[in-house]
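Please read the structure below before turning to the comments.
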Amino acid sequence: MPLVLNEEQNMLKDAAKDFCKNNMPISQMRKLRDDKSEAGFDRDTWAQMVELGWAGITIPEDFGGLGFGYTGMGVVMEECGRTLACSPLFATAALGAGCILHGGNDEQKNELLPKVASGELLLALALEETPHHSPYGAEMAVEQAGGSYVVSGSKKFVLDGHVANKIIVVARSSGKAGDRDGLTLVLVDSGADGVGVTRTIMADSRNAANIEFSKVQGELLGEEGKGADVLDQVLDIGRILLSSEMLGGLQECFERTVEYLKVREQFGVPIGSFQALKHRAAQMFCEVELSKSVVLEALSALDESSDDVAELSSLAKARLNDTYNLVSSEGVQMHGGIGMTDEYEIGFFMKRSRVCEHALGNSAFHRDRYGVLQGY
Amino acid sequence: MSDLESFRSATRDWLEANCPASMRLPEREEDMIGGGTRQVYRNPDAKVWLDKMAGRGWTAPAWPTEYGGGGLSSAEHGILQDEMMNIGARTPISGMGFSMIGPTLLDYGTEEQKQTHLPKIVSGEIRWCQGYSEPGAGSDLASLQTRCEDRGDFFQVNGQKIWTSGAQYADWIFTLVRTDPKASKHDGISFVLIDMAQEAVSVKPIKLISGNSPFCETFFDNARCEKFNLVGQLNRGWTVGKRLLQHERSSISGLSGGGRRGRYDALGQLPEIAKQYIGEVNGRIDSPALREDVLINQMNQRAFSLTQRRSMEESQSGGTPTFATSLFKYFGSELGKKRLEIQLELMGTQSLGWDRQSFDDLESALTRTWLRSKAGTIAGGSSEIQLNIIAKRVLGLPD
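Sequences listed follow chains V and C, in order.
Residue numbers for the first sequence follow the working numbering, beginning at 1 and rising by one.
Residue numbers for the second sequence follow the working numbering, beginning at 377 and rising by one.
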């Protein structure tokens, strides 16, 4: 699997870098926050992203997408991560579209995927029921009634759940929480009777939602009781693409910190001349380089549908969690007092890193999973 | 069939026909062959294997054929390594001739130096050692004091080197000497090659914490060095010496290949050792804390290997790997050291035996390898020096 980008991917990355810098700088995120934006992202900017084809990068051309693959999506996510760009790209195009692509029947794919690619449909995946990632943890019940599936229960931390038009609900048709068997994916309209959405603004100024479902009717996505087969694939796609975003964020944070070490003077010299800081910066550099490698390898594995996607996704997510945590904590520490201010942007990376860390599995989860996959 | 495919199949056939069975068994540290006039071949197959490989130049596969090397492209070299790995073939010979002075002579040597020295490295006839550190010049290497004076027809060398790995087995030494005591620290240094088969050169092994004596002190008392064995320009040896350090650091971190197996594979794999010594419950190592240690190390190792591969791919695709050497030296040696500490934790007191009667081969090898691994983050520029280099050269942080 190649660990370098090809020419097309490099061009896409450059274009994404320009776009994010010019159209979605960190100041936009701050403004959305301060203005208490209802959507939590700028709809005009989202329309431009759709125009660029980003909503359909991983959607096959047959369904109105670009079919440009996961590495392509990864480099876009990476650039979005650098500017902490607010958009429904991840929830809709990675998680939501992934569920439909891997779980939907032809009719569902034909109907929904082109709408994702054209930006008219926003999606969300309602999975978690506790504060910790638990892929098979759903207790929420689903029952078949006539031709439709009826779900009841509550979900937490549904990324962009406050704006989604349709929600993919992970519910249980048999067994108990923790069982891999018995999970069923149900697609519901967010406007359907019995759906109660409470927006939760998170520390990173991004949005999720707590959603109550009270006898909500929806349609089956994939096979009843076999939802985990779809979920496993989609969660790995999500983990790897989120790792790509984190890679962008941590590189930006690290570069800003190194730059600050060169210009901030104390005791009459740049603080970057102190060995206590130099060594920590050099150690972070090593972690950053290793992070780049695991993300590239994991993206290639997705593109080639190779056997080790699952272990590479855990390898990547665990490493990116730890490295983003380290780099953003050190970023604040090395900036000193100014790093604690809201006015300065470095603290935003730390807030984003922690939310990303807990989305789709923290490091303890992924190390355990890696060990299980490797047989120890 | 493409050229590379036919190279692969021919290589596979040749290895199958020529690699003795005993040379396909896992290699312990004491099995490693360094060559030179003092090498003892306890297993005669080792000599057979060396001669066969040297005959094709495959002991130094990437070196040009005019100097005895294999002349392989990097793709062919990769294929040879893959095919050797597939049958578990041992690297027939290794050492500083291959990893350090050879590549440096290819970069900086005169035609005469290359013709004289490289073929004897390839054949295993001559073994080299490194005269860099001195008692007063460790991390601050450029403060070295060994004098080298022009005596008209030849150079005369006086002084002392230390930590000269394998000097007691070596035939020649490449060394940094001071040729202009009045010049500033880095400007008065030259890089010379000295034949150790003269009375004016003496070697004294140093016993280490591992109980072994892989390092020596080397003394020069009016030693003679032929003028044609000055590498690079007079008083410009620091440039040559630094290049050699890059080759050395690459080889310490395992980057330069020469068999892609991990350095400690003969000690077993951590997960299997954990299961054997700690036990398992539902397929998991039966100690959450130790399991976490094993996982962190294994996952870091995998990320590190991927980064080595990425660095090679970037240099092949025309990008400049700006981060490589010091990162690999630092991270690789620290990772290796940590791996052995974890193995000690897993094996408990069975890992700390000293006498070879009461402990099995793996156990007593581990004790010594663990102690020896401590040198990995010291030799070839300590971890602290590598971090200084990254901070300065890569991140551009001020002095």
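Quick reminder that beta carbons are idealized off the backbone N, C-alpha and C, glycines included.
Since the model is a prediction, treat every value here as computed from it, not as a measurement.
Residue i: contacting residues in chain C (beta-carbon distance under 8 Å)
i, result
"V/F285", "F699, L703, I766, V770 and L771"
"V/P131", "Correct list: empty, because the minimum Cβ distance to chain C is about 21 Å."
"V/V75", "By Cβ distance, chain C contributes nothing, its closest Cβ being about 15 Å from V/V75, past 8 Å."
"V/H358", "The contacting residues do not exist; V/H358 stays about 19 Å from chain C at best."
"V/L290", "N676, A679, F680, L682, T683 and F707"
Rounded distance between the beta-carbons of residue j and residue i, thought under 8 Å
i, j, result
"V/D232", "V/G69", "About 20 Å; that fails the 8 Å criterion."
"C/S515", "C/I761", "5 Å"
"C/G414", "C/Y545", "It should be noted that the sequence gives Arg, not Gly, for residue 414 of chain C. Their Cβ separation, rounded to whole angstroms, is 5 Å, which keeps C/R414 and C/Y545 in contact under 8 Å."
"V/E78", "V/L247", "5 Å"
"V/S148", "V/E219", "7 Å"
"C/G478", "C/G411", "Between C/G411 and C/G478 the Cβ distance is about 12 Å, and since that is not below 8 Å, they are no contact."
"C/I502", "C/A436", "Not really, about 13 Å apart at Cβ, beyond 8 Å."
"C/L646", "C/R732", "C/L646 to C/R732, Cβ: 23 Å. No contact."
"C/L482", "C/Q489", "Not confirmed; about 10 Å, so no contact."
"C/L738", "C/L621", "At roughly 33 Å, the Cβ-Cβ gap does not stay under 8 Å, so C/L738 and C/L621 are not in contact."
"V/E224", "V/T184", "5 Å"
"V/M1", "V/S293", "Not quite, the Cβ-Cβ distance comes to about 11 Å (not below 8 Å), so this is no contact."
"C/F680", "C/G724", "About 27 Å separates the two Cβ atoms, so there is no contact after all."
Residue nearest to residue i in terms of C-alpha spacing, selected from the options
i, options, result
"C/L401", "C/W434, C/D379 and C/I463", "C/I463"
"C/I585", "C/G446, C/E690, C/K496 and C/R744", "C/R744"
"C/L606", "C/D597, C/G617 and C/F596", "C/G617"
"C/L682", "V/S305, V/E120, V/T257 and V/L312", "V/L312"
"C/P664", "V/F365, V/E7 and V/L32", "V/F365"
"C/D458", "C/L720, C/R388, C/Q726 and C/L722", "C/R388"
"V/C286", "C/S627, C/L703 and C/R660", "C/L703"
"C/F596", "C/L569, C/P590, C/R619 and C/T615", "C/L569"
"V/P114", "V/T130, V/A93 and V/A126", "V/A93"
"V/G347", "V/K262, V/L360 and V/A203", "V/A203"
"V/D229", "V/V263, V/A276, V/P135 and V/N207", "V/P135"
"C/G485", "C/A650, C/F550 and C/R748", "C/F550"
"V/V163", "V/T257, V/Q275, V/L89 and V/V295", "V/L89"
"V/A192", "V/N207, V/Q217, V/T198 and V/S174", "V/Q217"
"V/S174", "V/I26, V/Q144 and V/R199", "V/Q144"
Partners in chain V for residue i, counting only beta-carbon separations shorter than 9 Å
i, result
"C/R336", "In the structure as shown, chain C begins at 377 and stops at 775. Residue 336 of chain C is therefore absent and cannot be evaluated."
"C/V451", "Sequence check: residue 451 of chain C is Ala here, not Val. Within chain V, no residue comes near C/A451; the closest Cβ sits about 15 Å away, beyond 9 Å."
Exposure of residue i, with buried meaning 16 or more beta-carbon neighbours within 10 Å
i, result
"C/L380", "exposed"
"C/P557", "exposed"
"C/G535", "buried"
"C/G634", "Per-residue confidence for C/G634 stands at a pLDDT of 36, beneath the threshold of 50, marking its modelled position as unreliable; no derived number is given."
"V/E345", "buried"
"V/R354", "buried"
"C/L631", "Unreliable positioning characterises C/L631 in this predicted model, as indicated by a pLDDT of 49, which lies under 50. The coordinate reading is nonetheless provided below. Under this definition C/L631 is a buried residue."
"V/E120", "exposed"
"C/D669", "buried"
"C/T555", "buried"
"V/V309", "buried"
"C/H493", "buried"
"C/G512", "exposed"
"V/F41", "buried"
"C/Y508", "buried"
"C/F474", "buried"
"V/A263", "A small correction: the amino acid at residue 263 of chain V is Val; Ala does not occupy that position in the sequence shown. Classification of V/V263: exposed, given that the 10 Å Cβ count is below 16."
"C/F591", "buried"
"C/N673", "buried"
"V/T340", "One point to set straight first is that residue 340 of chain V is Met, not Thr, in the sequence displayed. Exposed, since its Cβ has fewer than 16 Cβ neighbours within 10 Å."
Contact list for residue i against chain V, beta-carbon separation under 8 Å
i, result
"C/R388", "Those do not exist, as C/R388 stays about 23 Å from chain V at its closest Cβ, beyond 8 Å."
"C/E721", "Chain V residues near C/E721: none, gap ~15 Å exceeds 8 Å."
"C/I672", "R367"
Neighbouring residues, chain V, relative to residue i (Cβ below 7 Å)
i, result
"C/E510", "The contacting residues do not exist; C/E510 stays about 24 Å from chain V at best."
"C/Y653", "Per Cβ cutoff of 7 Å: no residues; C/Y653 is ~13 Å from chain V at best."
"C/A362", "Past the edges of chain C, shown from 377 to 775, lies residue 362 of chain C, and the structure says nothing about it."
Neighbour list for residue i in chain D, Cβ cutoff strictly below 7 Å
i, result
"V/P270", "Absent here is chain D; the protein component of the structure consists of chains V and C."
Within chain C, the residues that residue i reaches when beta carbons sit closer than 7 Å
i, result
"V/V294", "A679 and L682"
"V/A389", "The structure shown does not extend to residue 389 of chain V, since chain V is modelled only from 1 to 376, so the question has no answer here."
"V/K176", "What V/K176 touches in chain C: nothing, since even the nearest Cβ is about 18 Å away."
Partners in chain C for residue i, counting only beta-carbon separations shorter than 9 Å
i, result
"V/L220", "Neighbours of V/L220 on chain C: none; closest Cβ ~33 Å, over 9 Å."
Practice task
Give the residues from the stretch 674-697 of chain C that approach chain V closer than 8 Å (Cβ to any Cβ), ordered along the chain.
Solution key: Using a CB distance below 8 Å, the part of the stretch 674-697 of chain C facing chain V consists of Q674, M675, N676, R678, A679, F680, L682, T683, R685, R686, E689, E690, S693 and G695, ordered along the chain.
Practice task
Please name the residues in the stretch 2-15 of chain V whose beta-carbon is closer than 8 Å to at least one beta-carbon of chain C, in chain order.
Solution key: Only P2, L3 and V4 from the stretch 2-15 of chain V bring a Cβ to less than 8 Å from some Cβ of chain C.
Exercise for the section: Note down, in chain order, all residues in the stretch 254-267 of chain V with a beta-carbon under 7 Å from any beta-carbon belonging to chain C. Expected result: Here the close residues are V258, L261 and K262.
Exercise for the section: Note down, in chain order, all residues in the stretch 713-745 of chain C with a beta-carbon under 7 Å from any beta-carbon belonging to chain V. Expected result: Taking 7 Å as the Cβ-Cβ cut-off against chain V, none of the residues of the stretch 713-745 of chain C qualify.
Practice task
Using a Cβ-Cβ cut-off of less than 7 Å, give me the residues of the stretch 307-320 of chain V that come near chain C, in sequence order.
Solution key: L315, A318 and R319: these are the residues of the stretch 307-320 of chain V whose beta carbon lies less than 7 Å from some beta carbon of chain C, given in chain order.
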